[in-house]
Amino acid sequence: MKQSEIKELSTAELQEKLSETKKSYSDLKLAHAISPLENPIQLRTVRRTVARIATELTKRDLQ
Numbered sequence: 003m004k005q006s007e008i009k010e011l012s013t014a015e016l017q018e019k020l021s022e023t024k025k026s027y028s029d030l031k032l033a034h035a036i037s038p039l040e041n042p043i044q045l046r047t048v049r050r051t052v053a054r055i056a057t058e059l060t061k062r063d064l065q
């Protein structure tokens, strides 16, 4: 998810997306621990998406 897409979402949508993405990340991590993922770069992508969403939420709280 790109930064421009994140900026367009409302705060409620961002919080929902954050919880979905965190769950997805934990599921991927668990699956990777059991048997290696076909595309391990996917972990990095999802982790960075979580960080982007969290950063945008923090930025909105400070304003």
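Here the sequence shown is numbered in our numbering, starting from 3 and rising by one per residue. Positions of the beta carbon are idealized from the N, C-alpha and C atoms, including for glycine.
To the nearest angstrom, how far is it from the Cα of residue i to the Cα of residue j?
i, j, result
"R62", "M3", "18 Å"
"Y27", "L45", "7 Å"
"E10", "A33", "32 Å"
"P42", "V48", "11 Å"
"L64", "E15", "18 Å"
"K24", "L59", "14 Å"
"S12", "A56", "13 Å"
For the alpha helix (DSSP H) that contains residue i, what are its first and last residues?
i, result
"E58", "43-64"
Would you mind sorting residue i into buried or exposed? The rule is 16 or more other CB atoms within 10 Å of its CB.
i, result
"R50", "exposed"
Just to confirm, are residue i and residue j a CB contact at a threshold of 8 Å?
i, j, result
"L30", "L39", "yes"
"R54", "Q17", "no"
Taking DSSP as the reference, what is the three-state secondary structure of residue i?
i, result
"L11", "coil"
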